[in-house]
Structure formats: C-alpha cells, structure tokens
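Accompanying notes for the structure given below.
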Amino acid sequence: MVLLIPEGYLIRKAKEEDIDGVIYINSVTLPEHYTTSFYTSILLSNPDTFLVAEHEGRIIGYHMGRIEYGLALRGFPKFVKKGHVISIAVLKEHRRKGVGTMLLKTALEEFTKKGCEVSFLEVRVSNEPAINLYKKMGYEIVDKITGYYSDGEDAFVMEKNLETNLI
Ligand SMILES: CC(C)(COP(=O)(O)OP(=O)(O)OC[C@H]1O[C@@H](n2cnc3c(N)ncnc32)[C@H](O)[C@@H]1OP(=O)(O)O)[C@@H](O)C(=O)NCCC(=O)NCCS
1 MVLLIPEGYL IRKAKEEDID GVIYINSVTL PEHYTTSFYT SILLSNPDTF LVAEHEGRII
61 GYHMGRIEYG LALRGFPKFV KKGHVISIAV LKEHRRKGVG TMLLKTALEE FTKKGCEVSF
121 LEVRVSNEPA INLYKKMGYE IVDKITGYYS DGEDAFVMEK NLETNLI
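Below is the structure:
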C-alpha cells in the first residue's frame, strides 16, 4: 500500500528499518517517548496501522495505532473493537500540508477494514493543532482524564464512530 499525496509526499506501511526514523520524529515532536521494543511490538502486532509519511526518501511523519477491545464511551455501553491512535506526528517543516490528515485517514480506513466500531485517542488539553485535526476527522471529546500525562497535564479522550461516520 502506497498512497501518493500532493507536493511529493507518500504514505506507506512502516517497516522495521523505519523505526529509528520514527523514534527520531517522536523525540523532536512529542514529550511522550517509548522504548524501541514498544515500537517494534506495535509494528509486529499491528502492521497495517503503523504508517509512515515519506518526502524525498526521508520519513517525515508517522502514525502508530493498535486494535484494542473495550467499552465504547458514547451511547449504550457495549464492548467493542476499537482502533487506538497511540501516537501521530509530522516534522514541523512539513506541517499544514495535509500529511497528518492523510496518515489518520489511512489508519481509519485500515481500522474500519479490520472491523473496529470506533477509534479513540488521548490528547493533551492544550494541544490545539491535534484537537483541531481530530475534530476535522470526526472525533468528539468524550472524556477528560485528570493528570493523565507525567507532567500533570490533563488529557481529553476523543472518539469517532467508524460504523456510521464516513471518513
Ligand atoms: C497534529 C499534527 C500531527 C498535524 O499534522 P499536520 O500534517 O500539520 O496536519 P494537517 O496539515 O493535515 O492539518 C489538518 C488540520 O489540523 C488542524 N491543524 C493543524 N495544525 C494546526 C495548527 N498549528 N493550529 C490549528 N489547527 C491546526 C487544522 O484543522 C488543519 O486543517 P486546515 O489546514 O484545513 O486548517 C502536527 O501538528 C504534529 O505533528 N504535532 C506534534 C505532535 C502531536 O501533537 N501529535 C498529536 C499527539 S495527540
């Protein structure tokens, strides 16, 4: 799967040799970091929703997602298959060109193909760019977790229905 988007960007599934590039992007864009073995385990267990964005042969963005099971947070409480957006980031110089949107759109298509009923994520309450991106993609704020992050910041939990919502 390779998806070409304007201005020479492409979205494709990640490979093990991309992990160093993903770790670099994560280190310069987000305060939440993970061990190499965590990235590898997500890639091996959820290869279709671990995506990278490339520009001129270099990785400039990624989406790391995992299929989980749990309660849907909206509507009648029921146990569902969920697509969890664990982490998404684009290098600063490549932002506002639609790369984040295409990474997320591609991941949502994969979650849907795999039978997920909802997608969800946690986001810092101060992270306006990301919250705007998620709202634009149809996510709604469904919960707030006090002190979720290690520095004490709260998180919004956002959820999107994949059954009724066309992407
Ligand atoms: C969030 C992030 C992935 C968005 O990536 P991107 O490639 O710039 O996103 P897009 O160009 O597809 O933008 C999609 C929408 O997001 C919103 N958005 C993106 N950047 C924004 C900004 N700086 N301010 C306000 N809204 C913004 C807008 O609604 C935008 O649509 P528009 O351009 O039509 O107005 C990027 O800002 C990023 O890597 N941030 C740091 C890492 C991060 O916070 N990840 C999320 C963790 S939960």
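With the first letter of the sequence shown counted as 1, position 7 gets the number 7 in the working numbering; the numbers rise by one all the way through. Each residue gets a CB set at the ideal place from its N, CA and C atoms; glycine is no exception.
Residue i beta carbon near ligand 1 (any heavy atom closer than 7 Å)
i	result
Ala107	no
Ile11	no
Lys114	no
Glu128	yes
Arg58	no
Val123	yes
Lys160	no
Inter-residue Cα distance where the pair is residue i and residue j
i	j	result
Ser37	Val28	19 Å
Met102	Gly147	30 Å
Tyr231	Leu121	In the structure as shown, the chain begins at 1 and stops at 167. Residue 231 is therefore absent and cannot be evaluated.
Asp18	Ile67	21 Å
Ile167	Val118	A caution first: Ile167 carries a pLDDT of 47, below 50, which makes its placement in the model too unreliable to give a value.
Phe50	Ala107	8 Å
Gly138	Leu162	9 Å
Phe111	Leu73	17 Å
Ile23	Ala53	14 Å
Tyr69	Gly98	30 Å
Arg96	Leu71	33 Å
For residue j and residue i, believed in contact at Cβ under 8 Å, the rounded distance
i	j	result
Tyr134	Val123	7 Å
Lys78	Asp48	Going by Cβ atoms, the distance from Lys78 to Asp48 rounds to 25 Å, so no, they are not a contact pair.
Ile42	Leu91	About 20 Å separates the two Cβ atoms, so there is no contact after all.
Glu159	Glu140	6 Å
Lys81	Gly115	6 Å
Glu170	Ser126	Because the chain here runs from 1 to 167, residue 170 falls outside it and cannot be looked at.
Ala130	Ile145	Their Cβ separation, rounded to whole angstroms, is 16 Å, which puts Ala130 and Ile145 out of contact at 8 Å.
Thr35	Glu16	Not quite, the Cβ-Cβ distance comes to about 15 Å (not below 8 Å), so this is no contact.
His33	His94	With 8 Å as the limit, His33 and His94 do not qualify as a contact, their Cβ atoms being about 20 Å apart.
The stretch 56-65 / the stretch 73-90 touching (three or more Cβ pairs under 8 Å)
Contact holds between the stretch 56-65 and the stretch 73-90, because three or more Cβ pairs, one in each stretch, are under 8 Å apart.
How about the stretch 1-19 and the stretch 101-115: do they share at least three Cβ pairs that are nearer than 8 Å?
Segment contact: the stretch 1-19 against the stretch 101-115, three or more CB-CB distances shorter than 8 Å; contact assigned.
Entirely enclosed beta strand (DSSP E) segments - the stretch 81-130, minimum 3 residues
If we require 3 residues or more, the beta strand (DSSP E) runs fully inside the stretch 81-130 come out as 118-124.
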